[in-house]
Amino acid sequence: MSSHTPATDYVEDVSPGRGTLPPRAWYASSDAASLSLNGGWRLRVSATADAEDDSFAAPGYDAGGWAEVTVPGHWVLQGHGAPIYTNHLYPFPVDPPHVPAENPTGDHLRVFDLPGDWPAGGGAVLRFDGVESCARVWLNGTEIGEFKGSRLPHEFAVGRLLKPSGNVLAVRVHQWSAGSYLEDQDQWWLPGIFRDVALLHRPAGGAGDFFVHAAYDHVSGAGTLRVDSDVEGRVLVEELGIDVAAGEPVTRPVEPWTAETPRLYDGVLVTAGERVPVRIGFRTVVVEDGLIKVNGTPLLFKGVNRHEWHPREGRALDLATMREDVLLMKRHNVNAVRTSHYPPHPAFLDLCDAYGLWVIDECDLETHGFVEQEWRDNPVDDARWTPALLDRAARMVERDKNHPSVVMWSLGNEAGTGRGLTAMADWIHDRDPSRPVHYEGDPGCRDTDVYARMYPPHEEVERIARGLDGGTRRRRELPLILCEYAHAMGNGPGGLTEYQELFERYDRLQGGFVWEWIDHGVEHPGLGYAYGGDFGEELHDANFVCDGLVFPDRTPSPGLIEYKKVIEPVRIEAGDADGTVRVTNRYDFADLSHLEFSFSHQVDGLPTGARRLTVPPLAPGESAQVELDGAPDGGGEEVRWTVEARLAEDTPWAGKGHEVAWAQGTVSRRAPLLAAAGVRPVVDGDRITLGPAVFDARTGAPRTLVGVPVRGLRLDVWRATTDNDDGAAWQTDTRYGPLWRELGLHRMRHRVEAVGTDGEALTVRTRVAPAGRETGLRTAYRWTSDGTRVRLTVSVVPEGDWRAPLPRLGVRFGLPGATPEDAVRWFGGGNESYPDTRAASKDLLWDASVQELQTPYVRPQENGARADVRWAEIGGLRVDGEPEFWFTARPWTTEHLDAARHRTDLVPGDTVWVHLDHRLHGIGSQSCGPGPLPRYHLWPEPAEFSFVFSRPRG
Ligand code: GAL
0 MSSHTPATDY VEDVSPGRGT LPPRAWYASS DAASLSLNGG WRLRVSATAD
50 AEDDSFAAPG YDAGGWAEVT VPGHWVLQGH GAPIYTNHLY PFPVDPPHVP
100 AENPTGDHLR VFDLPGDWPA GGGAVLRFDG VESCARVWLN GTEIGEFKGS
150 RLPHEFAVGR LLKPSGNVLA VRVHQWSAGS YLEDQDQWWL PGIFRDVALL
200 HRPAGGAGDF FVHAAYDHVS GAGTLRVDSD VEGRVLVEEL GIDVAAGEPV
250 TRPVEPWTAE TPRLYDGVLV TAGERVPVRI GFRTVVVEDG LIKVNGTPLL
300 FKGVNRHEWH PREGRALDLA TMREDVLLMK RHNVNAVRTS HYPPHPAFLD
350 LCDAYGLWVI DECDLETHGF VEQEWRDNPV DDARWTPALL DRAARMVERD
400 KNHPSVVMWS LGNEAGTGRG LTAMADWIHD RDPSRPVHYE GDPGCRDTDV
450 YARMYPPHEE VERIARGLDG GTRRRRELPL ILCEYAHAMG NGPGGLTEYQ
500 ELFERYDRLQ GGFVWEWIDH GVEHPGLGYA YGGDFGEELH DANFVCDGLV
550 FPDRTPSPGL IEYKKVIEPV RIEAGDADGT VRVTNRYDFA DLSHLEFSFS
600 HQVDGLPTGA RRLTVPPLAP GESAQVELDG APDGGGEEVR WTVEARLAED
650 TPWAGKGHEV AWAQGTVSRR APLLAAAGVR PVVDGDRITL GPAVFDARTG
700 APRTLVGVPV RGLRLDVWRA TTDNDDGAAW QTDTRYGPLW RELGLHRMRH
750 RVEAVGTDGE ALTVRTRVAP AGRETGLRTA YRWTSDGTRV RLTVSVVPEG
800 DWRAPLPRLG VRFGLPGATP EDAVRWFGGG NESYPDTRAA SKDLLWDASV
850 QELQTPYVRP QENGARADVR WAEIGGLRVD GEPEFWFTAR PWTTEHLDAA
900 RHRTDLVPGD TVWVHLDHRL HGIGSQSCGP GPLPRYHLWP EPAEFSFVFS
950 RPRG
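Residue numbers (numbering that gives the first Met the number 0): 0 to 953.
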């Protein structure tokens with residue numbers, strides 16, 4: 000060893016590596032010894048692949064002056080260098096297989112002793128579960144090989160090299176390699192040994208690779224088990240009385256595994272030298288009659304795309320974090336995960352088996368950057384790269400083949416088309432005919448068993464459902480799944496309800512996977528969460544990396560609450576007769592016996608006491624009507640019913656009482672608001688007094704309402720554009736965010752034309768319009784009072800040639816001196832909602848502080864509206880609306896929110912700003928998909944709406 004110019008050819012070699020063992024199933028032995036090599040390692044980072052020779056790998060090398068790094072981890076998140084975020088552009092010249100001379104290289108060193116009880120005989124395997132992007136490995140001074148394939152396991156036989164103590168493990172990790180061309184997923188580039196490193200003793204006669212085949216015959220109820228094993232052995236499943244030779248099939252009556260009923264049987268593979276526990280789930284997956292079926296039943300995926308993410312650790316997730324993801328998914332009615340865009344840590348799949356989630360396991364492959372050159376030189380269509388692709392396919396399939404939760408293999412993501420993909424699909428079909436193959440990038444579906452699409456608009460989904468979209472015959476005969484839809488970037492996604500309606504209406508539509516599970520924000524002391532560009536990247540895609548249903552710290556965003564409601568497995572709706580509801584079981588496999596139903600009536604939002612509702616244990620697809628008796632007389636107040644379905648018993652993923660589904664309906668409506676008139680306005684110098692309100696006589700603007708000072712009350716049409724308003728640059732449909740700015744909606748001028756009193760009313764006529772445009776909104780504010788209350792009626796008439804819908808239509812005003820801690824009470828929707836994200840808006844009596852009304856999107860933007868508000872109390876004011884209104888309150892202005900780039904840019908001012916909106920424009924999903932459906936566009940048209948201001952009742 001120790002040459003002066005170290006060999007670096009392997010870095011740009013398209014081959015998958017050298018010296019590694021053939022891939023095999025990932026398992027933990029019950030009795031073979033193992034030693035985790037996670038923990039503190041020594042680290043030296045150099046700027047290039049060849050800066051240092053390999054003398055560091057020799058025993059006795061003094062690394063005392065090196066830094067310390069934690070493995071698993073990424074050195075760029077531990078103070079050495081910085082992460083880079085790009086969506087699809089390679090952050091280096093596209094010149095395959097070459098990588099830049101600037102190639103951060105982390106030399107890692109770890110010295111370890113074998114435990115005292117480490118068995119003397121047998122061999123040993125050194126396993127790396129994930130290293131980005133290329134590693135060269137030495138043990139005790141001997142080079143044992145190198146590998147690529149970042150999110151895949153790589154093993155070396157090392158028994159002969161081990162010593163009882165003072166073993167030196169040296170790993171040189173390069174950030175860039177030929178492998179980087181195959182790993183162009185939309186995420187942070189994060190080099191490092193980011194998954195576990197372990198030394199596994201391999202006893203003589205120990206298990207090798209094995210393949211658990213556990214099929215279920217839904218007609219006979221029988222399960223057939225056959226465990227193919229490289230090494231002779233027996234398979235024992237005590238609970239089923241099974242004791243057969245490996246390779247022998249055995250059939251028993253069993254309970255099947257499904258994601259809803261994840262029944263596992265504990266078994267063990269016994270070889271001469273080892274016992275290996277296996278968890279067996281009996282299920283059969285087929286594509287038949289154009290449908291994906293498990294155990295004979297077509298599935299409906301209510302899925303999410305999950306990247307591995309932790310705001311401090313990057314893709315180095317611990318078990319608790321993985322479990323948190325699974326629990327959050329289960330608690331939000333999610334039933335499926337696509338492991339976008341690489342096989343996850345193997346422990347995640349164990350959790351999916353145990354808790355019950357359908358999994359599309361995706362290979363670590365994406366070459367999206369080649370789209371910039373019309374896919375020329377795409378590695379997936381270049382035979383020289385095929386061995387690397389096949390190696391990746393095999394490492395995924397062999398590692399994960401024994402998981403019942405994995406129901407489909409995915410070749411990768413956004414890699415165009417080519418012979419390499421076909422080779423992968425052929426190999427997978429041959430090795431594991433028991434699972435269909437998925438891949439989205441080939442519109443011809445040559446290699447796939449399902450038709451997959453990303454982000455199609457609703458109407459296109461419907462056309463596909465009806466077979467009217469053209470395409471090959473083969474494609475038309477396949478089921479459709481939306482492997483990505485509903486881009487959850489910032490506020491949104493909108494339109495989930497309408498997608499779900501389509502999925503439920505057409506058999507061919509087997510559901511989808513929201514993009515994506517989590518925001519990949521990096522915890523940052525000065526910014527809250529950092530995103531692309533915050534580390535000085537030369538090329539980056541800003542906050543496109545923050546597009547999840549949960550925030551970086553895994554707090555559910557309103558998008559997840561909405562999704563939970565839209566995909567709830569029990570449908571509750573008003574029944575045929577008054578006072579009844581219809582309950583429908585929308586599970587695919589489970590009956591409703593695990594749920595407990597209750598109902599209550601609310602008068603003006605206040606519950607009158609919950610009662611049990613007896614619902615039969617309906618089978619999937621069945622409905623029943625049940626009565627809600629005892630509706631109270633509201634005496635002019637609104638009366639509504641709420642039905643809730645909750646877990647009747649504790650489950651592994653949520654406790655008894657966890658809410659699974661709910662619905663509300665109206666029994667009787669509230670009486671119209673009082674006119675609040677009778678008192679005459681009185682002009683008094685520069686003031687006009689109208690009952691308990693005082694106005695500026697010149698501008699007609701209120702100074703106080705029922706004794707409460709108010710500032711700047713006027714029509715408002717602007718919102719701090721959302722990521723979905725701004726849209727993605729490549730969108731060909733009109734993107735309203737940019738158009739709104741072009742039209743000047745963020746800088747409307749308010750010209751007062753007349754302030755007049757006529758009898759009982761004070762009327763202020765204005766024209767609201769942007770500079771440079773003829774378009775405007777004639778706006779009249781008509782104020783009346785009965786002496787204790789003040790009523791405002793706003794009338795708006797648009798003028799001119801409006802080319803865009805409005806972001807919002809309502810009034811806003813400031814409450815000087817109010818603070819973020821001030822309490823708000825209201826009757827209306829409880830959580831953030833917009834016109835196309837309001838399924839989960841539950842009308843009750845709520846209270847929250849102003850601060851709690853803010854949704855902390857990683858990039859600040861319009862947020863926090865509450866739907867269907869009948870009345871709200873804030874800062875000593877009560878506001879009743881006619882009709883119901885959208886309520887928003889913030890400790891900063893919309894302009895401030897619009898200018899903010901990070902959470903920490905938002906600093907409360909001395910005023911709380913209140914928005915009372917008559918209408919809002921929808922949200923949609925245009926940050927990567929379609930905009931809001933036309934029915935959610937807020938086109939300017941004549942409108943009139945009223946508010947009554949009074950003192951709070953409580
Ligand atoms: C898809 C891609 C994802 C992600 C998403 C946008 O095209 O497969 O990885 O980039 O768009 O967030």
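By construction, the Cβ of each residue, glycine as well, lies at the ideal position given by its N, Cα and C atoms.
task: To the nearest angstrom, report how far apart G18 and V167 are at their CA atoms.
output: 18 Å
task: Could you please give the first and the last residue of the uninterrupted alpha helix (DSSP H) stretch that includes G527?
output: Careful: G527 lies outside any alpha helix (DSSP H), inside the beta strand (DSSP E) at 527–529.
- prompt: What do you get for W938, buried or exposed, if any count of 16 or more other CB atoms within 10 angstroms of its CB means buried?
  reply: exposed
message: Rounded to whole angstroms, what is the Cα-Cα separation between A838 and I566?
response: 10 Å
message: Is it buried or exposed, G440, if we count other Cβ atoms within 10 angstroms and call 16 or more buried?
response: That one is buried.
message: For a test of the three-state rule: what should DSSP assign to D722, helix, strand or coil?
response: helix
- request: In the DSSP assignment, find the unbroken beta strand (DSSP E) run with L318 in it and report its ends.
  value: Taken as a continuous stretch (DSSP letters only), L318 belongs to no beta strand (DSSP E), being part of the alpha helix (DSSP H) at 318–330.
- prompt: Do you know whose CA, among L189, D879, T887, H402, lies nearest Q850's CA?
  reply: T887
task: Could you tell me how far apart the beta carbons of P190 and V172 are, in whole angstroms, since I believe they sit closer than 8 Å?
output: 6 Å
- prompt: What is the rounded straight-line gap between the Cα of R740 and the Cα of D722?
  reply: 14 Å
task: Assign S1 to buried or exposed, taking buried as 16 or more other Cβ atoms, counted over all protein chains shown, within 10 Å of its Cβ.
output: Residue confidence is low: S1 scores 44 on pLDDT, short of 50, so the model does not pin down where it sits. Its coordinate-derived value is still stated next. When all chains shown are included, S1 counts as exposed.
message: Would you call the region 138–149 in contact with the region 88–98, where contact means no fewer than 3 C-beta pairs closer than 8 Å?
response: no
- request: Taking 8 Å as the threshold, find out whether the region 689–697 comes into contact with the region 894–910 through three or more Cβ pairs.
  value: no
Whole-angstrom distance between E759 and L673, CA atom to CA atom: One C-alpha to the other measures close to 15 Å.
- prompt: Rounded to a whole number of angstroms, what is the C-alpha to C-alpha distance between R383 and V13?
  reply: 7 Å
- request: Report yes or no: do the region 98–113 and the region 551–569 share at least 3 C-beta pairs separated by less than 8 Å?
  value: no
field: Which residues DSSP lists as bridging D879, in chain order
entry: W870, V947
task: Would you tell me roughly how many angstroms separate the C-alpha atoms of E831 and L76, rounded to the nearest one?
output: 33 Å
field: T471, buried or exposed, once every other Cβ within 10 Å from all chains shown has been counted against 16
entry: exposed
- prompt: In the structure shown, what three-state DSSP assignment does G635 receive?
  reply: coil
- prompt: With R772 and R750 assumed to form a contact (beta carbons below 8 Å), what rounded beta-carbon distance in angstroms separates them?
  reply: The distance from the Cβ of R772 to that of R750 is about 13 Å, inconsistent with a contact at the 8 Å cut-off.
- request: Using alpha carbons as the reference points, say which of L235, S924, R391 lies closest to E247.
  value: L235
field: Per DSSP, the bridge partner or partners of A197
entry: S35, R126
query: Which of the three DSSP states, helix, strand or coil, is assigned to A422?
result: helix
message: I need the straight-line Cα distance from L932 to S924, nearest angstrom please.
response: Rounded to the nearest whole angstrom, the CA to CA distance from L932 to S924 is 10 Å.
- request: Look at the alpha carbon of H79 and the alpha carbon of V44, and state the distance between them as a whole number of angstroms.
  value: 7 Å
- request: Can you tell me which of the three DSSP states T787 falls into?
  value: coil
field: Residues near P15 by beta carbon distance below 7 Å, same chain, minus five either side
entry: F146, K147, G148, P386, A387, D390
task: Determine, using beta carbons only, whether L738 and H920 come nearer to each other than 8 Å.
output: No.
message: Less than 8 Å between the beta carbons of A770 and G743, yes or no?
response: yes
message: Between the alpha carbons of Y530 and T85, how many angstroms are there, rounded?
response: 10 Å
message: Considering only heavy atoms of the ligand GAL, does any lie closer than 7 Å to the CB of C927?
response: In this structure, C927 has its CB closer than 7 Å to one or more heavy atoms of the ligand GAL.
task: Under the assumption that R640 contacts V666 (Cβ atoms under 8 Å), give the Cβ distance between them as a whole number of angstroms.
output: At residue 640 the sequence reads Trp, which differs from the Arg that was named. Contact flag correct, Cβ pair sits at about 6 Å.
message: Counting beta carbon pairs with one atom in the region 117–124 and one in the region 408–424, are three or more of them shorter than 8 Å?
response: no
message: When you measure from the CB of H402 to every non-hydrogen atom of the ligand GAL, does any distance come out below 7 Å?
response: no
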